[in-house]
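So the number in the numbering used here is just where the residue sits in the sequence shown, counting from 1, plus 613. To start, the structure itself, in structure tokens.
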Amino acid sequence: MPLDQIEDDHESEMSFLDHLEELRWHIVRSLAAIIVFGIAAFVSKDLVFHTIILGPSRTDFWTYRMLCELSVLLNSQALCIEELPFIIQSRQMTGQFSMHITSSFVIGIICAFPYAFWEIWRFVKPGLYSTERKAARGATFYVSFLFMTGVFFGYFIVTPISINFLANYQIDPSILNEFDIVSYVTTVTTLILACGLLFQLPIVVFFLTKAGLVTPDLMRHYRKHAIVIILILGAMLTPPDPFSQVLIAVPLVGLYQISIFICKRVLRKESEALAKPES
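And the structure:
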């Protein structure tokens with residue numbers, strides 16, 4: 614008997630409670646990984662806060678230095694960020710401690726994401742048909758790769774440029790920018806996680822195409838509507854400034870175009886697979 618058939622028979626013999634128990638252990642292991650990475654981040658306070666979280670608040674951050682080098686190449690100082698006119702304060706007694714825990718938890722989620730997704734995928738995979746498993750081969754790698762790409766894009770591009778915009782924005786010179794640590798950490802973590810999640814668009818389109826819900830012609834027809842939805846999502850998941858929304862919307866529009874190509878390729882492969890028995 615084929616191995617796929619044996620696995621399918623084994624899955625069919627499992628009761629609903631058995632499935633729940635198996636799902637529980639997958640979730641427990643995923644949460645355990647998040648907690649382990651979170652504790653490691655909590656212990657590494659100087660690295661997490663001084664270097665990572667507060668990095669975009671200083672002019673020696675990698676992105677700002679690269680922009681200055683680009684300004685030198687272009688013989689213009691327009692891109693060089695030499696000052697960030699704001700200070701970060703903690704106006705609540707538990708502000709620093711709570712943000713230490715929050716940032717450590719977020720870093721734990723980011724670091725453990727590939728393993729956590731792999732655990733959930735291990736639970737979902739046996740319930741798929743062999744053809745569906747073959748089509749979804751490498752799902753953990755591609756989902757993790759896109760998530761990490763979004764995280765790095767959010768951290769090195771969207772976050773520092775958004776902080777620079779917000780720090781220099783003033784409705785009146787008499788108003789000083791003194792940001793609370795809670796507001797700062799929330800903004801940084803929101804931008805980074807939002808980029809990581811929004812970069813999953815090609816994966817979503819892939820599975821919608823496999824389910825027969827999306828076609829390339831449909832995506833081209835509703836391209837303008839999709840751009841509006843992308844802008845709305847950017848507005849919902851980022852701080853309320855147009856600069857951050859545009860920075861997130863631009864790569865998402867590019868990912869939408871890539872998704873059209875993925876959709877077209879999936880349908881072409883399905884057509885080739887259907888045509889093979891006839892030849």
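Don't be surprised by glycine CBs; every beta carbon is placed ideally from N, CA and C.
**Q.** Segment contact, 8 Å Cβ cut-off, at least three pairs: the region 782 to 790 with the region 807 to 822
**A.** Look at the beta carbons and you see the region 782 to 790 not touching the region 807 to 822: under three pairs across the two are nearer than 8 Å.
Q) For the putative contact between residue 643 and residue 774, defined by C-beta atoms under 8 Å, what is the C-beta separation to the nearest angstrom? A) Rounded, the Cβ-Cβ distance is 33 Å, inconsistent with contact.
Q: Give the single residue among 792, 737, 707, 803 whose Cα lies nearest to the Cα of residue 861.
A: Per the Cα distances, 803.
Q: Give the secondary structure of residue 696 by DSSP, where H, G and I count as helix, E and B as strand, and everything else as coil.
A: Reduced to three states, the DSSP call for residue 696 is coil.
Q. Looking only at C-alpha atoms, which of 710, 887, 810 sits nearest to residue 865?
A. If we check each option's Cα against that of residue 865, 810 comes out closest.
(Q) According to DSSP, residue 793 sits in a beta bridge with which residue or residues? (A) Per the DSSP secondary-structure output, residue 793 pairs in a beta bridge with 702.
Q. Quick one: any contact between the region 705 to 725 and the region 791 to 800, if contact means 3 or more CB pairs under 8 Å?
A. Yes: at least three Cβ pairs fall under 8 Å.
Q. Going straight from the alpha carbon of residue 757 to that of residue 769, what length do you get?
A. Those two C-alpha atoms are separated by around 18 Å.
(Q) If you reduce the DSSP assignment to three classes, tell me which class residue 809 lands in. (A) Helix.
Q: For residue 713, count neighbouring Cβ atoms within 10 angstroms of its own Cβ and tell me buried if that reaches 16, exposed if not.
A: So residue 713 ends up on the buried side.
Q: Express the C-alpha separation of residue 648 and residue 630 in angstroms, rounding to a whole number.
A: Taken atom to atom, the span from the alpha-carbon of residue 630 to that of residue 648 is near 26 Å.
Q: For residue 711, name the three-state secondary structure that DSSP assigns.
A: Three-state DSSP puts residue 711 in a helix.
Q: Taking 8 Å as the cut-off, decide whether the C-beta atoms of residue 651 and residue 718 are in contact.
A: Residue 651 places its beta carbon less than 8 Å from that of residue 718.
Q: Verify whether the separation of the beta carbon atoms of residue 780 and residue 699 is less than 8 Å.
A: Residue 699 sits close to residue 780, with the two beta carbons spaced by under 8 Å.
Q.
Across the region 832 to 841 and the region 863 to 878, are there enough close Cβ pairs to call them in contact, namely three or more that are closer than 8 Å?
A. Yes, the region 832 to 841 touches the region 863 to 878.
Q. Anyone know if the C-beta pair for residue 715 and residue 798 falls short of 8 Å?
A. Taking 8 Å as the Cβ cut-off, residue 715 and residue 798 qualify as a contacting pair.
(Q) Is the beta carbon of residue 771 closer than 8 Å to that of residue 808? (A) Taking the C-beta atoms as reference points, residue 771 is found nearer than 8 Å to residue 808.
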